[in-house]
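Asks: Residue 39 in UniProt numbering sits at position 39 of the sequence shown, and the numbers go up by one each step.
Where is the CB? At the ideal position from N, CA and C, for every residue including glycine.
No experiment lies behind these values; they were computed from the predicted model shown.
Have a look at this one.
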Amino acid sequence: MEPMIKTSLHDGQISQKEGHSSVEAHLSAMISDLPFIYRRCMFPIKCRVSFLFAVMLILMAFIYAVVIPPFEAPDEPFHFLRAFGITEGEWILESHQKKVVVFVHERMFRHPEFAEFVGDSLLKDVEKVPNIALNTALYSPVPYFFHAVALKCGAIILSFLSFFSPALKNALFGGDGNTFLYYYILFYLSRLTSIGLYAAIVLWIAGSSSSLKWPFLWLLATPMVIAQSASINIDVVIYGASLYILLKPFEDIQTIKEFVFMVLAAFFLMLSKPVYLPLIGLSLLFYILSCYGNAEKISMEMKTSLKKIDDSRERMDDDSSEKIEYSSEKIEYLSEKIECLSEKTNTPPEKAYGSSVKKDVLIYENFHINKKFFIFLLIGYTIAFLGSVWWNYIIKYKGILKQYVDFASMTTQLLVNPDQQILNVLASPYRFMEVVLDTFAIHGKTLYHQFVGVFGWLEIPVPFYVVIAWTLLTIISLSLLRSSILISFSSVFSRVHKTRSTSKSNSLVTSSKATLIRHISLKKMHIIAGIASIAAIMGALLLLLLSAYMVWMPVDSEVIMLQGRYFHVLAACFIVALAFLKPCIMDIDNKNIILKIKYLLFAGALFCNALSFRALYLYYYV
């Protein structure tokens, strides 16, 4: 029996081994849709390291949710009141149910000033308390959709159960109104919703065949990211939406449903943090580049197989039949199948060989309607942007912004005036840039520490050696990036450049000149995408700083008060830029080294988060 090439799948790559297999099995594996098989069939087995890593992160999120006391995360009381208000029809938050405010007030004993502020709102004997969540009232109800649904469903279920059990009703609501079990259940149900969203994100990333998988998983393993994802806020919604619109354009999106999900992700992002608008434009650019790159690039697996065919044909011409790896019949067989796969005409799918060939033929035919999908994305993204503009008009028209500005002026004893602030910036942009530079010069170290992990109301920092360890492991995780993100993302779109050979068999061969042209084209696309990613980061950063300077800071303030967690999304975009540009990171091909790096990241995540748990335990329980 003649030796054939046996293919096996491992971590989204094809490894060639000597073995025995039929021509059909070889061809099917050679042209199969690797990401599709990888995600749908091989994920629990072939991706076991990343899968276990994702499970570990989810378990850590549960631990954070238990260890962190209620309302001891940044702005968590306000986010809870905002989500709870939506369940009561307060789409534009103007008041609260008094009992839920009492529940929040009872948990504020660690923060006397805030407890006093909340207590003042409870002095009047009314059922509705004026809005005290002035900062989260600025957010639209869209990013609170998941938490509001969970709260409403939980309230309905608890009310239904208490209807049949007077004892449960008394335990939940209390005859004297002093029990808060009902609100405790809803509170932890909201935290569980955040964990569910976080779990969906990490499992999606872990199931990806992208070279960005491990750097993104490591970013999601940051103690501050997990802690925020285990509390009630909209950060986890922002993480998911931003990662989706950045990564999805490079995957095999061919159905209208997937494009609808991209538009929904943009809608959630724009109505959560409009400052990330440049990421929307970057997503459109990525989609254009991925369509062009996917239609032009040459499958490396196909090139390898065709080269073996050509080598075998040359040996046949030299009358060295004893060294032939493929017989002439097998050469013609493979050539015909590859020609069928790359044919531009409307080849009936039922005539193609195997489901994988059928999928590739359909994808190739659908390439001509990508313009329609692009227009759909453009319109959807535009609607998302207009929705953000509309919401900002609403909060200004309803006086929500003025309430917050008045409150900020009262607490700082200084004038906070967004209109005057933006006029000053336009009049002297260089002065604003000085403020930005001073902000990072003075608070840069603190912001980076907050980026990694400062818990509670920003008074519980993780040890600084944890920050150093996390930084070193971040650099190590970047070594798992590949130099060609377009190829690594979308091997499903692999194409074979077809030229006619002058040989008698008239079969398919690869053209080295065409390969060089396409290689240069891909390189240019990577440079364009990398530069665009950096530009998007700078644009989003500028909008973030300008927004904070206008709304939060007094007029002509010397610095801008920020939080490190605001930069997590920008860090994800920076990883994408590195993947395109790869200025100093070498590709690692040794699988043993790659596996050791993954285990090192696994251990590093345990180490950093275990010490974070210790810091929380010592602060709250000792």
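What's the gap between the Cα of K445 and the Cα of M224?
Replies: Looking up residue 445 in the sequence shown gives position 445. Looking up residue 224 in the sequence shown gives position 224. Cα to Cα, K445 sits roughly 15 Å from M224.
Asks: Can you list, in chain order, the residues of its chain whose CB lies under 6 Å from that of A384, leaving out five sequence neighbours each side?
Replies: Counting from 1 along the sequence shown, the entry for residue 384 is found at position 384. Result list for A384: A266, F267, M270, in chain order.
Asks: Do the CB positions of N135 and L93 come within less than 7 Å of each other?
Replies: On the sequence shown, residue 135 is found 135 positions in, with the first residue counted as 1. On the sequence shown, residue 93 is found 93 positions in, with the first residue counted as 1. In this structure, L93 does not lie closer than 7 Å to N135 by Cβ.
Asks: From I422, Y188, G456, pick the residue whose C-alpha is nearest to that of L543; which is it?
Replies: Residue numbering aside, residue 543 sits at position 543 when the sequence shown is read from its first letter. Here the closest residue by C-alpha is I422.
Asks: Near L541, which residues of its chain fall below 7 Å by C-beta distance, leaving aside the five closest residues on each side in sequence?
Replies: Translated into positions along the sequence shown, residue 541 becomes position 541. So the list reads L570, once near-sequence residues are dropped.
Asks: Roughly how many angstroms separate the alpha carbons of G530 and K213, rounded to a whole number?
Replies: Position 530 of the sequence shown, counted from the start, is the residue given in the question as residue 530. Position 213 of the sequence shown, counted from the start, is the residue given in the question as residue 213. For G530 and K213, the distance between alpha carbons rounds to 18 Å.
Asks: Please specify which runs of the alpha helix (DSSP H), each continuous and at least 4 residues long, are wholly inside the stretch 57-92, giving them in chain order.
Replies: 76-87
Asks: Taking the alpha carbon of F374 as the reference point, which residue from T471, P249, V436, L481 has its own alpha carbon closest?
Replies: Translated into positions along the sequence shown, residue 374 becomes position 374. With distances taken between Cα atoms, F374 lies closest to P249.
Asks: From the DSSP output, in three-state form, read off F180 for me.
Replies: Taking the sequence shown and counting its residues from 1, one reaches residue 180 at position 180. Coil.
Asks: CA-CA distance, I475 and L59?
Replies: What you label residue 475 is simply residue 475 of the sequence shown in a count that begins at 1. What you label residue 59 is simply residue 59 of the sequence shown in a count that begins at 1. Taking the straight line from one Cα to the other gives about 25 Å.
Asks: Of the residues Y621, A73, I234, which one's Cα is nearest the Cα of F146?
Replies: Position 146 of the sequence shown, counted from the first residue, corresponds to residue 146. Considering only alpha carbons, the answer is I234.
Asks: Among the residues of its own chain, which have a CB less than 8 Å from the CB of S162, if the five just before and after it don't count?
Replies: By one-based count along the sequence shown, residue 162 stands at place 162. For S162, where only same-chain residues beyond five positions count, the Cβ hits under 8 Å are L168, K169, L172, F173.
Asks: Would you report the Cα separation of M410 and A199, rounded to the nearest angstrom?
Replies: Start at 1 with the first residue of the sequence shown, and residue 410 comes out as number 410. Start at 1 with the first residue of the sequence shown, and residue 199 comes out as number 199. About 40 Å.
Asks: Could you give the distance in angstroms between the alpha-carbon of D125 and the alpha-carbon of L447?
Replies: Counting from 1 along the sequence shown, the entry for residue 125 is found at position 125. Counting from 1 along the sequence shown, the entry for residue 447 is found at position 447. Cα-Cα distance, rounded: 42 Å.
Asks: Should the stretch 80-90 be regarded as contacting the stretch 236-246, the criterion being three or more beta carbon pairs within less than 8 Å?
Replies: no
Asks: Check the C-beta distance from S190 over to A230 and give it rounded, since I have them as a contact under 8 Å.
Replies: The residue you call residue 190 lines up with position 190 of the sequence shown. The residue you call residue 230 lines up with position 230 of the sequence shown. Not quite, the Cβ-Cβ distance comes to about 11 Å (not below 8 Å), so this is no contact.
Asks: Can you give the Cα-Cα distance for I256 and N590, rounded to whole angstroms?
Replies: For this step, residue 256 is matched to residue 256 along the sequence shown. For this step, residue 590 is matched to residue 590 along the sequence shown. For I256 and N590, the distance between alpha carbons rounds to 39 Å.
Asks: Quick one: measure Cβ to Cβ for N81 and V100, integer angstroms, because I've assumed they're closer than 8 Å.
Replies: Position 81 of the sequence shown, counted from the start, is the residue given in the question as residue 81. Position 100 of the sequence shown, counted from the start, is the residue given in the question as residue 100. Position check: residue 81 holds Leu in this sequence, whereas Asn was assumed. Indeed they touch by this definition, with Cβ atoms about 7 Å apart.
Asks: What residue from L601, G539, Y144 has the CA that sits closest to C573's CA?
Replies: Taking the sequence shown and counting its residues from 1, one reaches residue 573 at position 573. Nearest option by C-alpha distance: G539.
Asks: The alpha helix (DSSP H) spanning Q563 covers which residue range?
Replies: In the sequence shown, residue 563 corresponds to position 563, counting from 1. It is not in any alpha helix (DSSP H) - Q563 carries neither H nor E in the DSSP assignment.
Asks: Please state the DSSP three-state secondary structure of F455.
Replies: The residue labelled residue 455 in the question sits at position 455 within the sequence shown. Here F455 sits in strand by DSSP.
Asks: Please classify C608: does DSSP put it in a helix, a strand, or coil?
Replies: As a position in the sequence shown, residue 608 is number 608, starting the count at 1. Three-state result, C608: helix.
Asks: Using CA coordinates, which residue listed in I201, A148, S209 is at the minimum distance from L219?
Replies: Locating residue 219 in the sequence shown gives position 219, where the first residue counts as 1. Out of I201, A148, S209, I201 has the C-alpha closest to the C-alpha of L219.
Asks: Taking the C-alpha atoms as reference points, what is the distance between E459 and P70?
Replies: Here residue 459 refers to the residue found at position 459 when the sequence shown is read from its first residue. Here residue 70 refers to the residue found at position 70 when the sequence shown is read from its first residue. For E459 and P70, the gap between their C-alpha atoms comes out near 16 Å.
Asks: How should Y617 be labelled, buried or exposed, when 16 other C-beta atoms within 10 angstroms of its C-beta is the threshold for buried?
Replies: Counted from its first residue, the sequence shown places residue 617 at position 617. Burial call: exposed.
Asks: Would you identify the three-state DSSP class for I460, choosing helix, strand or coil?
Replies: Locating residue 460 in the sequence shown gives position 460, where the first residue counts as 1. Looking at I460 - three-state DSSP - the assignment turns out to be strand.
Asks: What three-state label does DSSP hand H111 in the structure shown?
Replies: In the sequence shown, residue 111 corresponds to position 111, counting from 1. Coil, per DSSP.
Asks: Counting only the same chain and skipping the five closest in sequence on each side, list residues whose C-beta sits under 8 Å from that of F376.
Replies: Residue numbering aside, residue 376 sits at position 376 when the sequence shown is read from its first letter. Around F376: I256, F259, V263.
Asks: Tell me the rounded alpha-carbon separation between Y139 and S272.
Replies: Counting from one through the sequence shown, the residue named residue 139 turns up at place 139. Counting from one through the sequence shown, the residue named residue 272 turns up at place 272. One C-alpha to the other measures close to 6 Å.
Asks: Should P143 and V237 be called a contact, given that it needs their Cβ atoms to be closer than 7 Å?
Replies: Stepping through the sequence shown from its first residue, residue 143 is reached at position 143. Stepping through the sequence shown from its first residue, residue 237 is reached at position 237. It is a contact, given that the beta carbons lie within the stated cut-off.
Asks: Whole angstroms is fine: what's the gap from F602's alpha carbon to I205's?
Replies: For the purposes of this step, residue 602 is taken as residue 602 along the sequence shown, with counting starting at 1. For the purposes of this step, residue 205 is taken as residue 205 along the sequence shown, with counting starting at 1. C-alpha separation (whole angstroms): 15 Å.
Asks: K128 bridges to which residues according to DSSP?
Replies: The residue labelled residue 128 in the question sits at position 128 within the sequence shown. Partner(s): Q97.
Asks: Kindly indicate the opening and closing residues of the alpha helix (DSSP H) around E258.
Replies: Locating residue 258 in the sequence shown gives position 258, where the first residue counts as 1. Taken as a continuous stretch (DSSP letters only), the alpha helix (DSSP H) holding E258 covers 256-270.
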